[in-house]
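Structure first, commentary second.
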Amino acid sequence: MSAAEPVKIERHDVERRQHHTNTGVRPVHTYREHAHGLLVARDFVAHPRIRHWQAHLLPALGVQVCRYSFHGPREHDYYIDIATVTRDGDLWTVRDHYLDVIVHDGMAAEIVDTDELLAAHGAGFIGAVEVDHAVAAARQVVSGLAQARYSVNDWLAAQGVRVEWVGVPESVTV
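For our numbering, count along the sequence shown from 1 and bump the result up by 17.
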């Protein structure tokens, strides 16, 4: 079983173009608000596996849909965080619910990090109601993806959500 970790809370300060994470503050090159949420894109500087990240924060769906550009072979097409996404002016907050869905577009999806959720619950970082919500939300995402033949874009379209992704800048460095 995983060691218990406190709930991860990330903040996006759109005005200052900053992504506040549990490991520090990172500059963001793209914030783009749209009808369903917020697109975020930034470089991962000096990361051993990832060179670029972009995500759509989708409050109504309770998810953050991520795409990564890797230094090596692609590990997956999408990574969906089950989360509570809120907004207060130019500040967007993502409260992670530990569970994630890894998607190989058009092929498969799997729920991961159940061990993290259970460890956090055992340590009192997350209550039973939030655990139940996270499990139900993750199952709903995977069920919707299965109905959409594991196409993230088709699943989002079935929810009435259309998103656009940005190109990865050539200037991303290791």
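We put the beta carbon where it would ideally sit given N, CA and C, even for glycine.
Note that the structure is predicted; figures quoted are calculated from it, not measured.
query: Hey, how far is the Cα of Ala174 from the Cα of Val180?; result: 9 Å
query: With 16 other CB atoms within 10 Å as the buried threshold, where does His73 fall?; result: buried
query: Quick check: what's the CA-CA separation for Ala140 versus Arg104?; result: 28 Å
query: In angstroms with no decimal places, state the Cα-to-Cα distance between Pro65 and Thr110.; result: 26 Å
query: So, at 8 Å on beta carbons, what are the nonlocal neighbours of Ala20 in its own chain, with the 5 sequence-adjacent residues on each side left out?; result: Ala136
query: Distance, Cα to Cα, His53 vs Val42?; result: 25 Å
query: Please state if the CB of Tyr96 and the CB of Ile67 are separated by a distance shorter than 8 Å.; result: no
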